[in-house]
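Undergrad:
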Amino acid sequence: MENAHEDDTWDGISDEDILAVDLEQVEEQATTSASTESTKKRYHTGSSKEDDSDLVIKMVKVDEELQDGSKPMHVPPLESLRGGYLWVSDISSQIWCEQQLEYRLSLPPDVIIPEPKAVTKGSELHLARELEVQDYVNIKVTSSEDIFAVKVLNLLIVFKSILTHSSTVHREVPIFGVVDGVFILGKIDEVRVDDETFNLDIVDLKTRRYQRPPGKAQKIAHDAQVMLYKHLFDNLVRGFIPCHSLRVALKLDLDRTLGESVTKHICSSLTTLLSKDKKEDSWNLSQLLDELRNAAESLPFINQLFIDYVKYDGVWLENQMAKYLKYWKGERECQGVDVEDAWKCHSCDFQDGCKWIAKKTREHQLARDRKNNTK
1 MENAHEDDTW DGISDEDILA VDLEQVEEQA TTSASTESTK KRYHTGSSKE DDSDLVIKMV
61 KVDEELQDGS KPMHVPPLES LRGGYLWVSD ISSQIWCEQQ LEYRLSLPPD VIIPEPKAVT
121 KGSELHLARE LEVQDYVNIK VTSSEDIFAV KVLNLLIVFK SILTHSSTVH REVPIFGVVD
181 GVFILGKIDE VRVDDETFNL DIVDLKTRRY QRPPGKAQKI AHDAQVMLYK HLFDNLVRGF
241 IPCHSLRVAL KLDLDRTLGE SVTKHICSSL TTLLSKDKKE DSWNLSQLLD ELRNAAESLP
301 FINQLFIDYV KYDGVWLENQ MAKYLKYWKG ERECQGVDVE DAWKCHSCDF QDGCKWIAKK
361 TREHQLARDR KNNTK
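Sequential numbering of the sequence shown, starting at 1, is according to UniProt numbering.
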């Protein structure tokens, strides 16, 4: 259990070790990456750096100009910081410290915070584990629609493998869906299939600096992450494919014909899943999403969640998401950590000049002054 030094102010709070490494954050900055996984092969784009500029799913920038000459436009963080959609890791990072996340996402493009060694080590471990069950295959992409199609293709291949009982372990599984009107993307560390019961379990890998259990603050963020994975996965099984959000949030044209390379791999990879009349010469995202829905509806819901062991609590998750999505929608101001979690600040890159620390310090100082004046 993490120890928080109790004090009336934010000064002198004990410095605890912080490490809730969320390796999905490595990918969250690369919105152009189509590197998702499959049972035997992991398809990814083979585009060059020059090509990538044309494939970016456009981010909506904050417009600092006056809308009508007198009042500034109000752009919610969902648009100004995340371009209209979120990653699962945004929520877990927000639970850790919303103010830190806002500072990190607001950094100029040329400002890079060095990656902690534990994150680098964890990324290497994830890659090694992934390559144990699949290989990489390059796919040439020519549009944002191609990029997302590769994600859908890799998820379809996982579904195909589960339905045909050809593999019991699937790693780096792409997932997506909508929560309270917000489109969310993620990658599940591992989905395991029980051969006898056909139960599906989510297993999440966490790397830590020290060999000891995570503290309460870290566990809450971890629990929310795996519960959100289950929520998104189960919604696909229910047939909830967020086509409207793909058009609005990711600005995708679902009827646009996919590139030749993507189409080739769709046909070659899904031969046992597609009927003869569906092995077409051309594909679009709308058709591919229909195939995803058909496959998903034949799957069971996720049975269990494992970090160590997490029991799914739908009400708790709903309350957490309602709280944190209000920030992204611009319905409340950014908040930092409570005083009992202020030990997190000692390892934060934004500790100096943090407006939340300054605000809470002033509040505690005023409270102390009022207390002294009543004596």
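In this text, a Cβ means the ideal position worked out from N, Cα and C, and glycines have one as well.
Nothing here was measured: the structure is a model prediction, and the numbers come from that model.
1. Three or more C-beta pairs under 8 Å: does that hold for the region 169–185 against the region 286–294?
2. Nearest to N319 by alpha carbon, out of H74, E79, S80 and I91?
3. Cutting at 7 Å between CB atoms, please list the residues of its own chain near Y229, excluding the five before and the five after it.
4. Using only alpha-carbon positions, find the residue among L105, K311, C97 and W96 that is nearest to P77.
5. Please work out which residues of its chain come closer than 7 Å, Cβ to Cβ, to A30, disregarding the five sequence neighbours upstream and downstream, and give them in chain order.
6. Comparing alpha-carbon positions, which option in E291, N199 and V182 lies nearest P300?
7. Among G84, H346 and G330, which one has its Cα closest to the Cα of A249?
8. Taking only three categories from DSSP, how would you classify H170?
9. Would you tell me roughly how many angstroms separate the C-alpha atoms of S161 and I266, rounded to the nearest one?
10. Which word fits R370, buried or exposed, when buried means at least 16 other C-beta atoms lie within 10 angstroms of its C-beta?
11. By alpha-carbon positions, which one of F148, P108 and A358 ends up nearest to K251?
12. Per DSSP, what kind of secondary structure is I266 in: helix, strand or coil?
13. Report the rounded CA-to-CA distance for Q94 versus D281, giving the unit in angstroms.
14. Give the DSSP-derived three-state secondary structure of F159 in the structure shown.
15. Going by beta carbon distance, what residues of the same chain come within less than 8 Å of I113, once the five residues before and after it are set aside?
16. Shortest alpha-carbon distance to A221 belongs to which of M321, L81, A342 and D234?
17. Let me make sure I understand the geometry here. Which of N373, R368, V339 and D110 has the alpha-carbon closest to that of I357?
18. In angstroms with no decimal places, state the Cα-to-Cα distance between S167 and V193.
19. By DSSP, does L86 sit in helix, in strand, or in coil?
20. DSSP puts I184 in a beta bridge; with which residues?
21. Are the Cβ atoms of E98 and Y327 separated by less than 8 Å?
22. If we call anything under 8 Å between Cβ atoms a contact, is L305 one with V226?
23. Return helix, strand or coil for A358, following the three-state DSSP convention.
24. Can you tell which of W96, S245, H165 and D313 has its C-alpha closest to the C-alpha of I184?
25. Can you list, in chain order, the stretches of the beta strand (DSSP E) that have 3 or more residues and sit fully within the region 195–243?
26. Among Q100, R293, V158 and H74, which has the Cα closest to the Cα of C354?
27. In chain order, which continuous runs of the alpha helix (DSSP H) of length 4 or greater are located wholly inside the region 276–344?
28. Are I241 and L317 touching if we call contact CB-CB under 8 Å?
29. Quick check: the Cα distance between V182 and V152, rounded to an integer number of angstroms?
30. What are the partner residues of I147, as DSSP defines its beta bridges?
TA: This is what the structure holds:
1. Contact between the region 169–185 and the region 286–294 is absent, because fewer than three Cβ pairs lie under 8 Å.
2. As a position in the sequence shown, residue 319 is number 319, starting the count at 1. If we check each option's Cα against that of N319, I91 comes out closest.
3. As a first step, residue 229 is located in the sequence shown; it is residue number 229 there, counting from the start. By the criterion of a C-beta distance shorter than 7 Å, Y229 is surrounded in its chain by V88, I175, G186, I188 and I202, once the five residues flanking it on both sides are discounted.
4. Reading the sequence shown from its first residue, position 77 is the one you call residue 77. Minimum Cα distance to P77 is reached at L105.
5. On the sequence shown, residue 30 is found 30 positions in, with the first residue counted as 1. Below a pLDDT of 50, predicted positions are generally treated as unreliable, and A30, at 34, falls in that range; the measurement from the model is reported next regardless. Cβ neighbours of A30 beyond the five flanking positions: none.
6. Sequence index remark: in the sequence shown, residue 300 carries index 300 (1-based). Distance from the Cα of P300 is smallest, within the candidate group E291, N199 and V182, for N199.
7. Translated into the one-based positions of the sequence shown, residue 249 becomes position 249. Its Cα nearest to that of A249, the residue G84 stands out among G84, H346 and G330.
8. If you number the sequence shown from 1, residue 170 lands on position 170. Strand, per DSSP.
9. For the purposes of this step, residue 161 is identified with residue 161 of the sequence shown, where counting begins at 1. For the purposes of this step, residue 266 is identified with residue 266 of the sequence shown, where counting begins at 1. Distance from the CA of S161 to the CA of I266, rounded to the nearest whole angstrom, comes to 15 Å.
10. The sequence position of residue 370 within the sequence shown is 370, counting from 1. Its Cβ having fewer than 16 others within 10 Å, R370 is exposed.
11. Start at 1 with the first residue of the sequence shown, and residue 251 comes out as number 251. Taking K251 as reference, the option from F148, P108 and A358 with the minimal CA-CA separation is F148.
12. In the sequence shown, the residue the question calls residue 266 occupies position 266. In the structure shown, I266 sits in a helix (DSSP, three-state: H, G or I).
13. As a working note, residue 94 is residue 94 in the sequence shown. As a working note, residue 281 is residue 281 in the sequence shown. Q94 and D281 have their C-alpha atoms some 44 Å from each other.
14. Within the sequence shown, residue 159 is the residue found at index 159, counting from 1. Correct three-state label for F159: helix.
15. Stepping through the sequence shown from its first residue, residue 113 is reached at position 113. Counting only Cβ-Cβ distances below 8 Å, and skipping sequence neighbours, we find R104, L107 and D349.
16. Indexing the sequence shown from 1 puts residue 221 at position 221. Cα-wise, what sits closest to A221 is M321.
17. Numbered from 1 along the sequence shown, position 357 holds the residue referred to as residue 357. Closest option to I357, Cα to Cα, is V339.
18. Numbered from its first residue, the sequence shown carries residue 167 at position 167. Numbered from its first residue, the sequence shown carries residue 193 at position 193. A straight line joining the alpha-carbon of S167 with that of V193 spans about 8 Å.
19. As a working note, residue 86 is residue 86 in the sequence shown. The answer is strand: DSSP assigns L86 an E or B state.
20. What you label residue 184 is simply residue 184 of the sequence shown in a count that begins at 1. Per DSSP, L86 and G177.
21. Here the question's residue 98 lines up with position 98 in the sequence shown. Here the question's residue 327 lines up with position 327 in the sequence shown. Yes, they are a contact pair.
22. Here residue 305 refers to the residue found at position 305 when the sequence shown is read from its first residue. Here residue 226 refers to the residue found at position 226 when the sequence shown is read from its first residue. In this structure, V226 lies closer than 8 Å to L305 by Cβ.
23. Residue mapping note: residue 358 aligns to position 358 of the sequence shown, counting from 1. Assignment of A358 by DSSP, reduced to helix, strand and coil, places it in the helix class.
24. Sequence index remark: in the sequence shown, residue 184 carries index 184 (1-based). Nearest C-alpha to I184 among W96, S245, H165 and D313: S245.
25. DSSP runs (the beta strand (DSSP E)) wholly in the region 195–243: 200–203.
26. Here the question's residue 354 lines up with position 354 in the sequence shown. Taking only the C-alpha atoms, the option nearest C354 is Q100.
27. Runs of the alpha helix (DSSP H) inside the region 276–344: 285–296 and 314–328.
28. Translated into the one-based positions of the sequence shown, residue 241 becomes position 241. Translated into the one-based positions of the sequence shown, residue 317 becomes position 317. For I241 and L317, no; Cβs fall outside 8 Å.
29. The count along the sequence shown starts at 1 and reaches residue 182 at position 182. The count along the sequence shown starts at 1 and reaches residue 152 at position 152. Taking the straight line from one Cα to the other gives about 19 Å.
30. The residue labelled residue 147 in the question sits at position 147 within the sequence shown. DSSP output for I147 lists no bridge partner at all.
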